[in-house]
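Novice:
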Amino acid sequence: MNYFGVWDASTAQRRFREPLEGCWRPDSRPFDIMDIIAGLGSSLFLTEEERTAAMARLKQDAHGATDVEDVNEEKFDWRWVKMAFKAPQTWLSSLIWFFVLVPLYSFSLFLPTIITGLGYTDTTTAQLFTVPPNMAAFIVVLLTSLLSDKIKARGPIMAGGCLFAIAGYIMLLVAEREQVRYGGTFLVAAGVYPCSAMIMGWLSNNLAPHYVRATGIGFMIALANCAAFPATFIYLAKDAPDYVLGHSVSLGSLVLCLLTVCVQMAYCRWENRKRERGDRDGRLVHGESQHFLGHRHPAFKYTL
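Just add 100 to the spot in the sequence shown (first one is 1) and you have my numbering.
#1: How is H397 classed by DSSP in three states: helix, strand or coil?
#2: CB-CB under 8 Å to R254, same chain, minus the five flanking residues each way: which ones, in chain order?
#3: Relative to the alpha-carbon of F329, which residue among V202, M183 and W191 has its alpha-carbon at the smallest distance?
#4: Determine the direct distance from the alpha carbon of P212 to that of A265, and round the result to whole angstroms.
#5: G261: which of R313, W197, A322 and A275 sits nearest, CA to CA?
#6: Of the residues T147, R151, T190 and F176, which one's Cα is nearest the Cα of V363?
#7: Which whole-angstrom value is the C-beta distance of T285 and I214, which I expect to be below 8 Å?
#8: Within 10 angstroms of its Cβ, does E371 collect 16 or more other Cβ (buried), or is it exposed?
#9: Cβ of G268 within 9 Å of Cβ of G291?
#10: How about the stretch 274 to 289 and the stretch 225 to 243: do they share at least three Cβ pairs that are nearer than 8 Å?
#11: Can you give me the Cβ contacts of P188 inside the same chain, cut-off strictly under 7 Å, excluding the 5 residues immediately before and after it?
#12: Can you tell me whether V385 is buried or exposed? The criterion is at least 16 other CB atoms within 10 Å of its CB, across all chains shown.
#13: In three-state terms, what does DSSP make of L272?
#14: Note down the Cα distance separating A259 from C357, rounded to an integer number of angstroms.
#15: When you compare the CB positions of E278 and L218, do they come within less than 9 Å of one another, or not?
#16: Between S208, G378, F238 and T244, which lies nearest to G346 when the distance is taken from Cα to Cα?
#17: Curious, which full-length beta strand (DSSP E) runs of at least 3 residues does the stretch 211 to 264 contain?
Written out as structure tokens, the structure reads:
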């Protein structure tokens, strides 16, 4: 999310910003070492009581996916990698994030260009007008994250975000008044940014244990970031000021995202119902060690 719209409005300030950003990275490296831990059991920034409580929550969230008490005790096995790639939620989540990142990357990179196309041709004004949509999105990300944790569901929030963003792109495509189209940028930002943040948590909730989750999330990041290739080529100078191609591609990507979110919710609900009926209990006595069931354990419940 771009928080430097105000700063970028001044060339002199922009020249100051770049060395400041560069200096911060090497200077902060010694402090970063404090954050690198093997697991919660060895964290230095938590008290003993906090570590115990955190480990208890992780054990509860595992729902039988592993029989070890601490992630540090888990041993790597290629079966975990295979399980991550065989999980439908890995592929569905990767597609969802890909479809989200097409409009997100293009929107974040070309928002000043989009605003210029709305009639705000002055560079300083265009940069300043990028701030309100991004700040609104920042607030929505925080609120939707809290709501998602409260209701223990990710998919419905993401579906709502897709609908908001779709409405925003429709406004950008069909509205004639610049003020209405600028309002559409708020809906786009408030829709796509929460989806991008939430999909990571959704897949993390639905893969277990640690090595399965790490493999699935790594693959999702690699696949989804390929969205940068189409995203950077859909807002062309020759399409100004309406940018019909860019808005249309982003709109289509969000429609596909909404459909994929619905498919994943339906799959998770279907699988949970099978486990509630006992249809997956045979996994406890047939075929494989209970320790290697992971999220396939009958007691594990998928997050919707």
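Backbone N, C-alpha and C define an ideal beta-carbon position, used for all residues, glycine too.
Specialist: If we stick to the structure as given:
#1: coil
#2: S248, M298, I299, G301, W302, N305, T403 and L404.
#3: V202
#4: Distance between the alpha carbons of A265 and P212 is about 18 Å.
#5: W197
#6: T190
#7: Taking C-beta atoms under 8 Å as the contact rule, T285 and I214 qualify, at a distance of about 7 Å.
#8: When all chains shown are included, E371 counts as buried.
#9: It is a contact, given that the beta carbons lie within the stated cut-off.
#10: yes
#11: Y367
#12: Label assigned to V385: exposed.
#13: Reduced to three states, the DSSP call for L272 is helix.
#14: 8 Å
#15: yes
#16: S208
#17: none
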